Amino acid sequence: MTSQQLSVSSFNNLLITLLRNSSIYLPQSIPAIAIITAGAAIILTTGASWRYILSRKQTYFSTIPTPKGSLPLVGHLFSLGRNRVETFHQWHKELGSIFYFRLGVKKMLVVADPWAAHELLATMGKITSNRPKTTSRPMFGDVRGIIFAQPHEMTWSILRKSALNALGPRKLKEASPILNKEADEFVELVATGVNIVPLPLLMRSSLNFIFLTVFSVRTTSIEDPIYKTAISIINTSMKFSDFKNLASQFIPLLRIFDPIIGIKKKIIAYHKSMTIPFYIELIERALDAEEKNMVKILNDKLNHGKRGYYDNLIATIHDMAVAGTDTTAVTMAWSFLQLSTKLEVQMKIQHEIDTFVNNNGRLPNFWERNEMPYLIATQRECMRLRPTTEFGVIHASAEDFEWHGSVIPKDTWIMTNMADIHSDTEKYPEPEQFIPERFLGREESMTASANRKTEDRDQFNFGWGRRVCIGSHLAETQMFNVWVRVLHRCIIRPALDKNGNEVPQSLQTVPPEAGPIVVSPSKFELRFVPRNSV
Ligand code: HEM
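Below, the structure is given as structure tokens:
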């Protein structure tokens, strides 16, 4: 017997044993010869497919470098280290602005060059706008809302268009009296001059902006049961996307442990008992509300206004809460941290606000931002120096395609290295310096800028192309309203220690706590000191 015949024969024995002992029903009457023939056919097909894969492999990523340290089965898993941003930064230094790496069976393309990112995700967006298939949302079954749906799915375009309509400039202008009150309330709460941890208060403010827009509902404090449940649902959903819960997506062998770990069951049970009843109650309230809201717009579009068909609505609303709450809150928290040691910058912004108030007898609205050029420029510089996400929201390729002399395989995950993109020396000279002036004269909204060519974009925090953030207008309206009110009323200063001395904090001293998507600051304190008290 040749070694090949030996291996075919032992494979067949194994196959017969496995099939006969497995839970798959296999009648004893099936002759062994049939099973052996099937086994041989599988081997031959597998051999041919493997040779095909190997031949394709040589062309896949042929011109794109990959870091050392890839291991069989797990790929670069153990080379990633604890600080992915630092590891990627290092890999970019060694390999250039584009590389790929492997995580088990998945291939990840990482881009740190803003022009390449635009070409890949916007110009070639027809092929690169899929989302990776994820196992972290089993409770919704085939219903994927907006973030996890694929662009060819009809519901994605209907939901995206309807949500964009509900979050567009016209609708938000109509809602501005209500939204302005939220920003007023935030300032009332913080303008005490004492040490404050700003993030939880900013989270509630962001959640209220979203819940008012989506449901016409607001929470009254961080003790409000609606606030507590919403934040618990958002945080738990984020935890379900942790690597340990998704590991079997990368290393299929681990799927044998899935039933033992029972994560799928846990996710379904959690959402059945918490998420779905919570949202159904809020949807009913939104449909009964007098005001216009996103639930009404979506329900008209999806269900012709009929009640009771809420699967798609729930998935989409969940997207809004998850994608919009901590992104906006965290962006503001990082910005206030940066401002707390830059009194001269705050003074320039205050001069702009005071001038507007003196001329108009009221605070400016978002659509009057042209009169606040320094404020707008400073917001952009803060977002450039500390991007909200590490890698944007991952895209995936819908098919094999050619790029820069390489074939990029279907289902490649595409990540944009936000920190490095925002430090590109050609686009941002002296990138490590805080220079708001680099954005002066660019008062068009961040939303408009997000759809421009690379050279005309301000920053890239809202992503690219067909999947570009749909909540950017709400986010920047909220950020503008809060900034204007905070800086009109207060000076943002470092917290005090027990002896009454200021303890200045900065991006260098407050380490980021990377979650699956958003980069939150670890806990830090600030003071919002009323201007009339200094
Ligand atoms: C500063 C605040 C925000 C930042 C930095 C941000 C960032 C992003 C990014 C990077 C993406 C992915 C774009 C891409 O795939 O290329 C995204 C998508 C998305 N964002 Fe935002 N976002 C923010 C606020 C919001 C808000 C307030 C909402 C909702 C009210 C929202 C809803 C969404 C949704 C639904 C998507 C998915 C779009 C799709 O997949 O088609 N975001 N956002």
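So the sequence shown is numbered by the numbering used here: it starts at 4 and just counts up by one. Cβ atoms here follow ideal geometry from the backbone N, Cα and C, with glycine treated the same way. Source: prediction; values computed, not measured.
Cutting at 6 Å between CB atoms, please list the residues of its own chain near residue i, excluding the five before and the five after it.
i	result
Ala-125	Trp-467 and Gly-468
Ser-452	Arg-460 and Asp-461
Pro-135	Ile-397, Ala-399 and Trp-416
Leu-301	Ser-165 and Leu-316
Arg-614	Here the chain comprises residues numbered 4 to 537, so residue 614 is not present and cannot be evaluated.
Pro-117	Ile-424, Asp-427, Lys-430 and Thr-457
Leu-305	Asn-315
Pro-412	Tyr-63 and Asp-403
Met-323	Ile-213 and Val-217
Pick from the options: whose alpha carbon is nearest that of residue i?
i	options	result
Arg-383	Ala-324, Pro-434, Pro-515 and Phe-218	Pro-434
Asn-168	Gln-349, Lys-299, Ile-379 and Phe-359	Lys-299
Leu-388	Ser-224, Val-396 and Thr-428	Thr-428
Ala-318	Ser-240, Ser-343, Lys-345 and Trp-370	Ser-240
Arg-534	Ile-181, Asn-183, Ser-100 and Gly-196	Gly-196
Arg-258	Asn-198, Pro-203 and Val-108	Val-108
Ser-219	Ile-181, Asn-86, Ser-208 and Met-386	Ile-181
Leu-162	Ala-380, Leu-316, Glu-505 and Arg-455	Leu-316
Pro-390	Tyr-377, Ser-426, Asn-362 and Pro-412	Ser-426
Gln-511	Ser-448, Leu-340, Asn-373 and Asn-368	Leu-340
Asp-303	Leu-83, Val-88 and Lys-164	Lys-164
Ser-209	Asp-116, Ile-279 and Thr-223	Thr-223
Asp-291	Arg-310, Met-386 and Phe-359	Arg-310
Asn-504	Phe-102, Ser-448, Glu-374 and Asn-198	Asn-198
Pro-228	Lys-295, Arg-207 and Ser-244	Arg-207
Lys-174	Val-506, Gly-364, Ser-100 and Lys-295	Lys-295
Leu-83	Lys-96, Gly-99 and Phe-104	Phe-104
Met-3	Phe-369, Ile-263 and Gln-436	The question about residue 3 has no answer, for the chain in this structure spans 4 to 537.
Pro-68	Glu-226, Trp-337, Pro-172 and Ser-100	Ser-100
Pro-519	Leu-215, Ile-225, His-354 and Asn-238	Asn-238
Ile-130	Gly-148, His-155, Glu-97 and Gly-364	His-155
Using a Cβ-Cβ cutoff of less than 7 Å, which residues in the same chain neighbour residue i once the five nearest sequence positions on both sides are dropped?
i	result
Met-335	Leu-205, Met-482 and Val-485
Phe-281	Thr-232 and Ile-236
Asn-183	Asn-484
Ala-2	Given that the chain is displayed from residue 4 to residue 537, the structure contains no residue 2 and the question cannot be resolved.
Ile-286	Val-298, Tyr-313 and Leu-316
Ala-380	Pro-439, Glu-440, Phe-442 and Leu-443
Gln-31	Legend: pLDDT at Gln-31 = 39, less than 50; position of this residue unreliable, no value from coordinates given.
Ile-266	Asn-248
Asn-502	none
Leu-57	Low confidence applies here, because Leu-57 scores a pLDDT of 48, under 50, leaving its location unreliable and the question unanswered by this model.
Gly-72	His-79 and Ser-82
Gly-128	Gly-468 and Arg-469
Since I believe residue j is in contact with residue i (beta carbons under 8 Å), could you give me their beta-carbon distance rounded to a whole number of angstroms?
i	j	result
Val-348	Pro-439	7 Å
Arg-492	Val-146	Actually they do not touch by this definition, with Cβ atoms about 44 Å apart.
Glu-393	Val-522	6 Å
Ala-186	Arg-488	5 Å
His-321	Thr-278	7 Å
Leu-378	Ile-494	At roughly 15 Å, the Cβ-Cβ gap does not stay under 8 Å, so Leu-378 and Ile-494 are not in contact.
Ala-166	Thr-158	With 8 Å as the limit, Ala-166 and Thr-158 do not qualify as a contact, their Cβ atoms being about 12 Å apart.
Leu-76	Ile-254	6 Å
Asn-464	Met-386	5 Å
Asn-373	Glu-293	Going by Cβ atoms, the distance from Asn-373 to Glu-293 rounds to 34 Å, so no, they are not a contact pair.
Pro-507	Pro-515	No, Pro-507 and Pro-515 are not in contact; Cβ-Cβ is about 18 Å, not under 8 Å.
When DSSP builds the beta bridges, which residues end up paired with residue i?
i	result
Ser-409	Trp-406
Ala-399	Asn-133 and Trp-416
Ile-495	Phe-531
Arg-105	Lys-110
Pro-519	Its beta-bridge partners do not exist; DSSP assigns none.
Gly-78	Leu-74 and Leu-106
Val-506	Ala-498
Asn-198	Arg-530
Tyr-63	Val-410
Below 8 Å CB to CB, which residues in the same chain sit around residue i once its five sequence neighbours on both sides are set aside?
i	result
Ile-27	Its pLDDT being 29, under 50, Ile-27 is placed unreliably in this model, and the coordinates cannot settle the point.
Ser-65	Gly-408, Ser-409 and Val-410
Gly-456	The question names Gly, but residue 456 is Lys in the sequence shown. Counting only Cβ-Cβ distances below 8 Å, and skipping sequence neighbours, we find His-121.
Phe-260	Ser-251
Thr-137	Phe-151, Ser-244, Leu-249 and Gln-252
Leu-202	Ala-332, Val-333, Ala-336, Ser-523, Pro-524 and Lys-526
Within the 8 Å Cβ cut-off, does residue i reach chain D?
i	result
Lys-430	This model lacks chain D altogether; it includes just one protein chain.
Is there contact between the segment 324-333 and the segment 477-484, where contact requires at least three CB pairs shorter than 8 Å? Note that the segment 324-333 touches the segment 477-484; at least 3 beta-carbon pairs, one per stretch, sit closer than 8 Å.
Any chance the segment 489-500 sits against the segment 525-534, with 3 or more Cβ pairs inside 8 Å? Contact between the segment 489-500 and the segment 525-534 is present, because at least three Cβ pairs lie under 8 Å.
Between the segment 98-116 and the segment 411-423, do at least 3 Cβ pairs fall closer than 8 Å? Touching, yes.
Could you say if the segment 419-427 and the segment 91-110 meet the contact criterion of at least three C-beta pairs nearer than 8 Å? Yes: the two stretches touch, three or more of their Cβ pairs being nearer than 8 Å.
Would you call the segment 394-413 and the segment 345-361 touching, i.e. three or more CB-CB distances under 8 Å? Contact fails: fewer than three Cβ-Cβ distances are below 8 Å.
On the three-pair Cβ rule with 8 Å, is the segment 262-271 touching the segment 216-230? No, because fewer than three Cβ pairs between the segment 262-271 and the segment 216-230 fall closer than 8 Å, the two stretches do not touch.
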